[in-house]
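Count the sequence shown with full-length UniProt numbering and you get residues 1 to 400, in order. Notes for the one structure printed next.
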Amino acid sequence: MVKETAYYDILGVPPAASGDEIKRAFRRLALKYHPDKNPNAGEKFKQISKAYEVLSDSCKRELYDRGGEAALRGGGGDRHHASPMDIFSIFFGSAARSRTRGDRRGKTVTHYLPVSLEDLYNGATRRLSLQKNVICPKCKGSGSRLGGVVQCPKCHGSGLETHLLGHMPGMMHSLQTVCSECHGEGQRVRSRDQCRGCSGRKVTKEKKILTVRIDKGMKNRHKLIFHGEGDQCPGLHPGDIDIVLEQKQHPLFRRKGNDLLMDMEIGLADALCACRQKVRTLDGRTILVTSQPGKVIRPGDVWCIPREGMPIYRDPSQRGNLLIRFQVRFPDPGWLPIDHLKHLQELFPSRPQPTLPEDTEEVTLSNYNPCEDPKHQGRSEAYEEDHDECYHHPMQCQTS
Numbered sequence: 001m002v003k004e005t006a007y008y009d010i011l012g013v014p015p016a017a018s019g020d021e022i023k024r025a026f027r028r029l030a031l032k033y034h035p036d037k038n039p040n041a042g043e044k045f046k047q048i049s050k051a052y053e054v055l056s057d058s059c060k061r062e063l064y065d066r067g068g069e070a071a072l073r074g075g076g077g078d079r080h081h082a083s084p085m086d087i088f089s090i091f092f093g094s095a096a097r098s099r100t101r102g103d104r105r106g107k108t109v110t111h112y113l114p115v116s117l118e119d120l121y122n123g124a125t126r127r128l129s130l131q132k133n134v135i136c137p138k139c140k141g142s143g144s145r146l147g148g149v150v151q152c153p154k155c156h157g158s159g160l161e162t163h164l165l166g167h168m169p170g171m172m173h174s175l176q177t178v179c180s181e182c183h184g185e186g187q188r189v190r191s192r193d194q195c196r197g198c199s200g201r202k203v204t205k206e207k208k209i210l211t212v213r214i215d216k217g218m219k220n221r222h223k224l225i226f227h228g229e230g231d232q233c234p235g236l237h238p239g240d241i242d243i244v245l246e247q248k249q250h251p252l253f254r255r256k257g258n259d260l261l262m263d264m265e266i267g268l269a270d271a272l273c274a275c276r277q278k279v280r281t282l283d284g285r286t287i288l289v290t291s292q293p294g295k296v297i298r299p300g301d302v303w304c305i306p307r308e309g310m311p312i313y314r315d316p317s318q319r320g321n322l323l324i325r326f327q328v329r330f331p332d333p334g335w336l337p338i339d340h341l342k343h344l345q346e347l348f349p350s351r352p353q354p355t356l357p358e359d360t361e362e363v364t365l366s367n368y369n370p371c372e373d374p375k376h377q378g379r380s381e382a383y384e385e386d387h388d389e390c391y392h393h394p395m396q397c398q399t400s
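This is the structure in structure tokens:
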């Protein structure tokens, strides 16, 4: 005859319950009232954990049966009181605990969608066809015909396997892991009772069409999230589908933030006497790029056209700049008769004449080709220049 039955009542077992019955009762109630699953049942979870802590320990249970909670306090039963979460971790193991926290939602699936720079400039809509798992409509996710689900024979319905590990003679350690037979579900379906719609897999394949809206100004690697459109699985909320935009290389323009970069080759006449070049924009317009007469364009100069860059995401009425890096194409040798060079020279500013000492020796320049001079190939590396897409040169803005 026990003095108090409060702890037994909390677990819903009779005072004569065996240790296995108490363990099964605690498992059922702990999963039901765990704070991760039931945030408003924190106090109930503490009571369940306290009751199991006492009734699962033979010494504490004997004290409780004889004298109730007063006997536990008098006999030192609370000296080493464990927290409710510690008891839950010890009983279920780390694998089961993670199952109550992180695995209630399915995995996020990521797909990469190639898009052109025109798509990111003008906006676009794409329809993406995907295959996803959905709960079998015939068996409602049970994987079997009616009555075909049985208790897993390996874990006896607990969903866990217990392994005893020996660290040293006379000392054993108990480790619990997810059952390898039923994968933690505590049940299995007999082969003859499998659902014909899903062959016991609980899910079937379904074609899903996602409409992907690409807004003006979105950037490379922009992520679009479709909440709850991922694979379905019994007992879990569907995960998400992430669509990541991957910008394809453009033959003319490169993007730097909200600016567009391009290279333009012009002749010497354009560089000296005002430039007039047309550019086809990403939205199909043609703009005429001009420079003011008297403005000299040097090789490598970077000029800009304001507001002809990329639209600003979520504020497409605003745009970045179009940055143009100029390469000046010089005439070929012999393009002008030698007797005309004097007239051309008169058009340029006067050149300073060097003061020469008496022993000055005059030499003549010639073209240099390192491929024809293997002994000096290494020296040409000092004259190699890297291709710079950032356009760090001083910029001049051209109003359009």
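Yeah, the Cβ is synthetic: ideal placement off N, Cα and C, and Gly gets one too.
Contact check, residue i vs residue j, beta carbons under 8 Å
i: Gly-157; j: Gly-186; result: yes
i: Leu-245; j: Gly-320; result: no
i: Leu-11; j: Ala-51; result: yes
i: Thr-125; j: Arg-213; result: yes
i: Leu-120; j: Met-218; result: yes
i: Ser-58; j: Ile-22; result: no
i: Ala-271; j: Val-296; result: yes
i: Arg-329; j: Ile-266; result: yes
i: Leu-117; j: Phe-226; result: no
i: Lys-248; j: Val-115; result: yes
i: Pro-299; j: Phe-326; result: yes
Residues of its chain near residue i, where Cβ-Cβ distance is below 8 Å and the 5 sequence neighbours each way are ignored
i: Pro-238; result: Arg-105, Gly-106, Gly-228, Glu-229, Gly-230, Asp-231 and Gln-232
i: Glu-358; result: none
i: His-111; result: Leu-128, Leu-130, Ile-241, Asp-242, Ile-243 and Val-244
i: Lys-154; result: Glu-161, Cys-179, Ser-180, Glu-181 and Cys-182
i: residue 469; result: Coverage of the chain is limited to positions 1 through 400, which leaves residue 469 absent and any answer about it impossible.
i: Leu-268; result: Val-328, Arg-329, Phe-330 and Pro-331
Coil, strand or helix - residue i by DSSP
i: Leu-19; result: A small fix is needed here, since residue 19 is Gly in this sequence, not Leu. Three-state result, Gly-19: helix.
i: Asp-78; result: The pLDDT assigned to Asp-78 is 45, lower than 50, so where the model puts this residue is not dependable; a value taken from the coordinates is nonetheless given after this. Residue state, collapsed to three classes: coil.
i: Arg-213; result: strand
i: Tyr-7; result: helix
i: Cys-371; result: helix
i: Leu-282; result: coil
i: Tyr-112; result: strand
i: Asn-38; result: coil
i: Arg-101; result: Only weak support is given to the placement of Arg-101: the predicted model assigns it a pLDDT of 45, under 50, and the question is left unresolved by the model.
i: Ser-317; result: strand
i: Asp-119; result: helix
i: Ile-338; result: helix
i: Lys-107; result: coil
i: Arg-201; result: coil
i: His-343; result: helix
i: Ser-350; result: coil
i: Asp-65; result: helix
i: Arg-307; result: coil
i: Asp-193; result: helix
The alpha helix (DSSP H) enclosing residue i, as first and last residue numbers
i: Gln-47; result: 42 to 55
i: residue 413; result: With the chain running from 1 to 400 in the structure shown, residue 413 is simply not present.
i: Leu-224; result: Looking at the DSSP string, Leu-224 is not in any alpha helix (DSSP H); the run it does join, the beta strand (DSSP E), is 223 to 226.
Heavy atom of the ligand ZN within 7 Å of residue i beta-carbon
i: Ile-287; result: Here there are no bound small molecules, and the ligand ZN is not part of this structure.
Sequence-distant residues of its chain with Cβ nearer than 7 Å to residue i (five each side left out)
i: Arg-66; result: Lys-3
i: Phe-129; result: One detail in the question is off: residue 129 reads as Ser in this sequence, not Phe. Closer than 7 Å at Cβ, skipping near neighbours: Lys-207 and Ile-209.
i: Pro-14; result: Tyr-8
i: Pro-316; result: Lys-216 and Gly-217
Sequence-distant residues of its chain with Cβ nearer than 6 Å to residue i (five each side left out)
i: Asn-40; result: none
i: Arg-188; result: Cys-152 and Cys-182
i: Gly-309; result: Asn-258, Asp-259, Leu-260, Arg-319, Gly-320, Asn-321 and Leu-322
i: Pro-311; result: Lys-216, Gly-217 and Arg-319
Limits of the beta strand (DSSP E) - the one that residue i falls within
i: Ile-324; result: 322 to 329
i: Asp-332; result: That residue, Asp-332, is in no beta strand (DSSP E); it is neither H nor E in DSSP.
i: Ser-158; result: First-last for Ser-158: undefined, no H or E at that position.
i: Thr-125; result: 124 to 135
is_contact[residue i, chain D] using C-beta, thresh 8 Å
i: Asp-332; result: Included in the structure is just one protein chain, with no chain D present.
Touching by the beta-carbon criterion (3+ pairs, under 8 Å), the region 200 to 211 and the region 134 to 145: Yes, the region 200 to 211 touches the region 134 to 145.
Meets three-Cβ-pair contact criterion under 8 Å: the region 332 to 347 and the region 284 to 302: They do not touch, by the three-pair rule.
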